Each structure stands twice: as structure tokens, then as C-alpha cells.
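A quick write-up on the structure given underneath.
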Amino acid sequence: MLLKPDAVQRGLVGEIVRRFEDRGLKLVAMKMLRVSRSLAESYYAEHKGKAFFEPLMAYISSGPVVAMVLEGDGSVALVRTMMGKTNAAEAEPGTIRGDYGLTIGRNVIHGSDGPESAKREIGFFFKPDELHEYRRIDEAWLRE
Ligand code: IDP
Ligand code: MG
Numbered sequence: 076m077l078l079k080p081d082a083v084q085r086g087l088v089g090e091i092v093r094r095f096e097d098r099g100l101k102l103v104a105m106k107m108l109r110v111s112r113s114l115a116e117s118y119y120a121e122h123k124g125k126a127f128f129e130p131l132m133a134y135i136s137s138g139p140v141v142a143m144v145l146e147g148d149g150s151v152a153l154v155r156t157m158m159g160k161t162n163a164a165e166a167e168p169g170t171i172r173g174d175y176g177l178t179i180g181r182n183v184i185h186g187s188d189g190p191e192s193a194k195r196e197i198g199f200f201f202k203p204d205e206l207h208e209y210r211r212i213d214e215a216w217l218r219e
């Protein structure tokens with residue numbers, strides 16, 4: 076997942092990371108970086124040609140982002156649920172977009188929409204040796 080430039084600018088990084096950590100997802104990689112135009116185009120290639128593509132390119136490269144990889148049972152779907160709807164205006168309170176976002180064009184966070192896209196997107200930001208394997212001390216208490 077990616078904390079978009081508005082999350083960084085608005086000081087929401089810690090708050091959002093805390094939600095995932097509290098839920099029991101394991102942080103296995105994390106990096107702050109500026110997304111270049113070419114990286115943005117590849118990352119969001121599926122949206123090329125849509126009306127919001129250019130504004131999306133400008134948004135995502137407008138400032139530093141924080142990229143991270145979270146691991147855990149059903150993590151891809153769980154992160155999507157915790158993020159809330161794409162349009163923050165319609166996102167449920169209690170979700171990240173529903174608590175911190177107001178519009179679709181500044182919706183705070185990106186999360187992969189499936190295991191395949193997760194794999195692809197991780198590759199844009201991390202080398203294999205930047206993904207950390209370790210046990211969290213509470214792992215035995217997160218499932219039966
Ligand atoms: P997702 O981020 O929930 O997966 P997508 O449909 O994949 O949603 O869109 C990617 C990103 O493009 C959104 O998170 C949002 O930043 C931006 N976006 C999508 N639709 C619109 C729109 O109609 N107006 C402005 N930005 C949009
Ligand atoms: Mg998407």
C-alpha cells in the first residue's frame with residue numbers, strides 16, 4: 076500500500092500505520108520516496124486514457140509518499156476494507172478514507188486490489204531483500 080502525498084502532508088502517516096499494526100497486520104517493508112512521472116504512469120497504467128489520469132499523475136507525484144508492505148491472513152482484502160471506498164465522500168466512517176478523506180481526488184491511501192496486483196506493485200518499490208521476514212511477538216494471539 077501507499078500513503079499518498081496528502082497523507083504525508085497532513086501528518087497522517089503514524090495514525091494510519093498504527094491502524095494496520097493494531098489490527099495485527101505485520102509491517103514487512105516501508106520506504107519514503109517521491110514518485111516520478113514515469114513510475115506513476117507504469118503504476119497506474121490500467122487508468123491511462125481516463126479523464127482522471129492526468130490529475131492522478133499530478134497528485135501522486137506532488138510530494139513524497141510512504142510505500143509499505145503488510146502481511147497477514149487475508150491482508151489484501153482486509154487493507155481494502157480498512158481503506159474504504161475509492162470516493163472518500165462515500166467512504167464509511169471508521170474506514171481510513173471515511174475518517175480522513177473528503178473527496179475522490181485526495182483519498183489519502185492506495186491499496187492493491189488483489190494478490191497479483193500486490194505482487195506487481197511491491198516490485199515497483201522494493202527489492203526482494205527489502206522485504207523482512209520475522210515473527211511478531213503477538214502472532215500466537217492473533218488466531219486460534
Ligand atoms: P482505488 O484506489 O480504490 O483502487 P481506482 O479506481 O483504482 O481506485 O483509482 C485509482 C486512483 O485514481 C484513486 O484512488 C483516486 O486517487 C484516483 N481516481 C479514481 N477515480 C477518480 C475520479 O473520478 N476523479 C479523480 N480521481 C480519481
Ligand atoms: Mg485501484
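If you want my numbering, it's the position in the sequence shown, counting the first as 1, plus 75. Just so it is clear, CB atoms sit at the ideal spot from N, CA and C, and this is done for glycine as well. Being a predicted model, the structure only gives us computed values, none of them experimental.
Which residue wins for smallest C-alpha separation from residue i, given the options the options?
| i | options | result |
| --- | --- | --- |
| residue 196 | 98, 117, 133 | 117 |
| residue 190 | 157, 146, 179 | 146 |
| residue 162 | 153, 152, 151, 174 | 174 |
| residue 204 | 105, 181, 88 | 105 |
| residue 179 | 124, 130, 119 | 130 |
| residue 153 | 164, 138, 170 | 170 |
| residue 149 | 211, 209, 95 | 95 |
| residue 144 | 200, 83, 213 | 200 |
| residue 107 | 128, 123, 83 | 83 |
Just checking my contact of residue i with residue j at CB under 8 Å: how many whole Å lie between their CB atoms?
| i | j | result |
| --- | --- | --- |
| residue 157 | residue 98 | 7 Å |
| residue 140 | residue 79 | 6 Å |
| residue 77 | residue 142 | 5 Å |
Give a yes or no on whether the C-beta atoms belonging to residue i and residue j are separated by under 7 Å.
| i | j | result |
| --- | --- | --- |
| residue 176 | residue 167 | no |
| residue 91 | residue 110 | no |
| residue 88 | residue 206 | no |
| residue 186 | residue 155 | yes |
| residue 181 | residue 81 | yes |
| residue 132 | residue 120 | no |
Please confirm whether any heavy atom of the ligand NAD lies closer than 6 Å to the CB of residue i.
| i | result |
| --- | --- |
| residue 93 | The ligand NAD is not part of this structure, which contains only the ligand IDP and the ligand MG. |
Let me know if residue i comes out buried or exposed under the rule of 16 or more other beta-carbons within 10 Å of its beta-carbon.
| i | result |
| --- | --- |
| residue 113 | exposed |
| residue 287 | One cannot answer for residue 287 here, as it falls past the ends of the chain, which runs 76 to 219. |
| residue 184 | buried |
> What are the complete alpha helix (DSSP H) segments, minimum 4 residues, inside the stretch 119-201?
Replying inline: 128-135, 150-158, 171-175, 190-200
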